[in-house]
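Residue numbers for the sequence shown follow the numbering used here, beginning at 161 and rising by one. Glycine included, every Cβ here is placed at the ideal spot set by N, Cα and C. The structure appears below as structure tokens.
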Amino acid sequence: NQSVALIFYSSPFSAAYVLLRVKMNVRRHLKEKNTIPKIFAETVARHGDKTALIFEGTGETWTFRQLDEYSNRVANLLLERGFKDGDVVALFMENRSQYVGLWLGMAKIGVEAALINFNLRLEALVHCVTISDAKAVVFGSELNEAVSEVHGLMGKAVQMFCLGDFDPTRVPRGTECLEPLLDNAPTHLPSRPQRCFTDRLFYIYTSGTTGMPKAAIVVHSRYYRMAALVYYGFKMTSDDVLYDCLPLYHSAGNIVGVGQCLIHGMSVVIRKKFSASRFWDDCAKYNCTIVQYIGEICRYLLNQPVRDTEKQHRVRMALGNGLRQSIWEEFMTRFNIPQIAEFYGATECNCSLGNFGNKVGACGFNSQILPFIYPIRLVRVDEETMELIRGPDGVCIPCKPGEPGQLVGRIIQNDPLRRFDGYVNQSATSKKVAQSVFKKGDSAYLSGDVLIMDDCGHMFFKDRTGDTFRWKGENVSTTEVEGTLSRLLDMKDVVVYGVEVPGAEGKAGMAAIADPTHSTDLVKFVKDMEKALPPYARPVFLRFLAEVNKTGTFKFQKTDLRRDGFDPCSVTDRLYFMDSRTGSYAQLNEELYHSILSGKHKL
161 NQSVALIFYS SPFSAAYVLL RVKMNVRRHL KEKNTIPKIF AETVARHGDK
211 TALIFEGTGE TWTFRQLDEY SNRVANLLLE RGFKDGDVVA LFMENRSQYV
261 GLWLGMAKIG VEAALINFNL RLEALVHCVT ISDAKAVVFG SELNEAVSEV
311 HGLMGKAVQM FCLGDFDPTR VPRGTECLEP LLDNAPTHLP SRPQRCFTDR
361 LFYIYTSGTT GMPKAAIVVH SRYYRMAALV YYGFKMTSDD VLYDCLPLYH
411 SAGNIVGVGQ CLIHGMSVVI RKKFSASRFW DDCAKYNCTI VQYIGEICRY
461 LLNQPVRDTE KQHRVRMALG NGLRQSIWEE FMTRFNIPQI AEFYGATECN
511 CSLGNFGNKV GACGFNSQIL PFIYPIRLVR VDEETMELIR GPDGVCIPCK
561 PGEPGQLVGR IIQNDPLRRF DGYVNQSATS KKVAQSVFKK GDSAYLSGDV
611 LIMDDCGHMF FKDRTGDTFR WKGENVSTTE VEGTLSRLLD MKDVVVYGVE
661 VPGAEGKAGM AAIADPTHST DLVKFVKDME KALPPYARPV FLRFLAEVNK
711 TGTFKFQKTD LRRDGFDPCS VTDRLYFMDS RTGSYAQLNE ELYHSILSGK
761 HKL
């Protein structure tokens, strides 16, 4: 088959070309001791009067020169206040253009921003400020209450600056209003510290789906690499207009999105928060050619009623990660999107992937012909414990095509594309590194994700490690079951996880379903499910709740759901149990619960 051969040969070489191009650029920036602010200065020289950022909330437009001057004011103000190279300042605010100017201004004088999720409150918020060792917090006035609640726990030495509508009665004592201070600060470029490409730029926190957030270290070369790989890999140009409704405290919004502005001169539209109903109107209004998505965003868009504006746009590409294969083609067709630019890669990982060939369902590609160019692979794991399986020589066993395995990337610390910078917490860093993975004595980054590769080298996301569970002797992929159930339930939020049942081997499947209006028809649901899922993958327990908790990046939070289990005494939501004798779901009460625990009621 000629077309298959073409994909097989073109993909490895085009992917290799992209990698080599980025590698050459990285080498140049290393040699010239460049940083993101220095690269941005080159962008300003090329595109000074072009629009850099548009904030949808106010319609305010900043040119590259205006963004440069704003960030210079930030840098000069902080210098005047005694901040120095290596200090940390926490940023805690909703999306706005100033957010970019603030961390960029800090970076110009070597101050590192800690980008804190604006949804955090109380202990989690204090934790993020404390572990970063921040000397100051710059917060948006929309978060006055959240900051006031915890100010006493942050320590008196932490300086407080407020951006936005300033009301001295609603902020912690000693808080200063930032705008007038910046208005009076000089706009010239301050003297730069001797920083290089592998120095720290800022900190991004993990989403905290499995506990307290961890601060991942982002160095200048990592910021460049993440932005450049998607720019060259997906053939973007500086004439593209990118729509960014993702949170700027996260790498997708701030690096993959805003990075195209700072490094490549692209205009970026920033939205305060994602809105499914306004999404396509915004794209048409600002002539966007690229949109970003993450997690469940595409499903929320499909869930909207059909309207004329959803095809009246110039969008040629949707860029992101987490688009489920079950809705991939429907998304492209309904909204008339020619290309899905799906990529894979956590903030801290060294094994990013890109689906450069528009292959349906794939999150990336790895060359079978030229594996030495990009040393990543899938290795065998015990799918229940997620422990690495090793051969007689003690080295990990690579997976064959079609065999699920954990994605790993070889660590080479002196190569910016292969290094692993880890987290502020050293023990968290060591948990993500394994020895003797590719060969005896080497070290590799553990992604924590299970993928499958086909014969051509296309990679498909299967599950987070720890999310797969075993039931009736079969492995159940929560990601796949979630996608199927959500489709059967008219795109409702569905979270699937395994729960332990005394006396039963493995874990029984449980699905938490967002159903605030009690509209689910359980009889129809069972019939549809029998056609769509094998018996072992059908949830034994159902939990209906008003809404499912999600992170700010639209990932489901499963920790609390797993802990709650199916005990009707501790769960006030409606619970159901699949009664194998009747083949239907029965409401789970205390009596039935104890009958299941005692083994009287067979699963």
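Could you check what DSSP says for methionine 396 in three-state terms: helix, strand or coil?
-> coil
Beta carbon of proline 114, beta carbon of serine 351: below 7 Å?
-> For residue 114 there is no data in the structure shown, the boundaries of the chain being 161 and 763.
Exposed or buried, asparagine 515, counting other C-beta atoms within 10 Å across all chains shown (16 or more means buried)?
-> buried
Take arginine 474 and list the residues in its own chain whose beta-carbon comes closer than 6 Å to its own, dropping the five residues that flank it on each side.
-> Asn447, Thr449
Excluding five sequence neighbours on each side, which residues of the same chain lie with their C-beta closer than 6 Å to the C-beta of glutamate 456?
-> Phe714
Buried or exposed: which applies to isoleucine 756, given that a residue is buried once 16 or more other Cβ atoms fall within 10 Å of its Cβ?
-> buried
For glutamine 258, which residues of its own chain have a beta-carbon under 8 Å away from its beta-carbon, when the five flanking residues on both sides are left out?
-> Tyr230, Leu323
Taking 6 Å as the cut-off, does the CB of leucine 645 come closer than this to any heavy atom belonging to the ligand ADP?
-> What this structure holds is no ligand at all, so the ligand ADP is not there to describe.
Considering only residues of the same chain and omitting the five flanking positions on each side of arginine 703, which have a CB-CB separation below 6 Å?
-> Ala672, Asp733, Leu735
Count the other CB atoms, across all protein chains shown, that sit within 10 Å of the CB of leucine 180; report buried if there are 16 or more and exposed otherwise.
-> exposed
State the start and end residues of the unbroken alpha helix (DSSP H) segment that holds lysine 691.
-> 682-692
So which of Lys684, Gly315, Ala388, Gln226 has the shortest CA-CA distance to aspartate 343?
-> Gln226
Which word fits valine 178, buried or exposed, when buried means at least 16 other C-beta atoms lie within 10 angstroms of its C-beta?
-> buried
Is the CB-CB distance between alanine 250 and isoleucine 196 below 7 Å?
-> no
Give a yes or no on contact between the segment 370-386 and the segment 424-437, applying the rule of three or more CB pairs nearer than 8 Å.
-> no
Whole runs of the beta strand (DSSP E) within the segment 239-309, excluding any shorter than 3 residues = 248-252, 272-275, 296-300
Report the rounded CA-to-CA distance for serine 411 versus tyrosine 365, giving the unit in angstroms.
-> 9 Å
C-beta atoms of aspartate 441 and glutamate 216 nearer than 7 Å = no
Taking the alpha carbon of phenylalanine 357 as the point to measure from, which residue in Leu303, Arg494, Ile199, Ala274 has its own alpha carbon closest?
-> Ile199
Quick one: Cα of phenylalanine 503 to Cα of serine 758, how far?
-> 47 Å
Given histidine 287, which residues of its chain have a CB within under 6 Å of its CB, disregarding the five upstream and five downstream residues?
-> Met372
Quick check: the segment 680-689 against the segment 742-750, are there 3 or more CB pairs under 8 Å?
-> yes
So isoleucine 196 is in the alpha helix (DSSP H); what residue range does that whole segment cover?
-> 196-207
Would you kindly work out how many angstroms separate the C-alpha atoms of tryptophan 631 and isoleucine 454, rounded to a whole number?
-> 30 Å
Would you kindly work out how many angstroms separate the C-alpha atoms of aspartate 739 and leucine 763, rounded to a whole number?
-> 7 Å
Where does the unbroken beta strand (DSSP E) through valine 323 begin, and where does it stop?
-> The sequence shown places leucine at residue 323, rather than the valine named in the question. From DSSP, the beta strand (DSSP E) with leucine 323 extends over 319-323.
Looking only at its own chain, which residues have a Cβ that is under 8 Å from the Cβ of threonine 369, when we skip the five neighbours before and after it?
-> A caution first: threonine 369 carries a pLDDT of 49, below 50, which makes its placement in the model too unreliable to give a value.
Inter-residue Cα distance where the pair is arginine 124 and proline 564 = No statement about residue 124 is possible, as the shown extent of the chain runs from 161 to 763 and does not include it.
Quick one: residues in its chain with C-beta nearer than 7 Å to the C-beta of glycine 270, no 5 flanking neighbours on either side, listed in chain order?
-> Asp245, Gly246, Pro353, Arg355
8 Å CB neighbourhood of glutamate 750 in its chain, flanking five on each side removed | Pro728, Cys729
Burial state of lysine 519, where buried means 16 or more other Cβ atoms lie within 10 Å = buried
Within 7 Å, strictly: CB atoms of valine 429 and isoleucine 276 | no
Residue interval of the alpha helix (DSSP H) (run including glutamate 339) = 338-343
Between glutamine 452 and leucine 406, is the Cβ-Cβ spacing less than 7 Å?
-> yes
Between which two residues does the beta strand (DSSP E) carrying tyrosine 736 extend?
-> 734-739
Return yes when the Cβ of methionine 477 is within less than 7 Å of the Cβ of alanine 501, no when it is not.
-> yes
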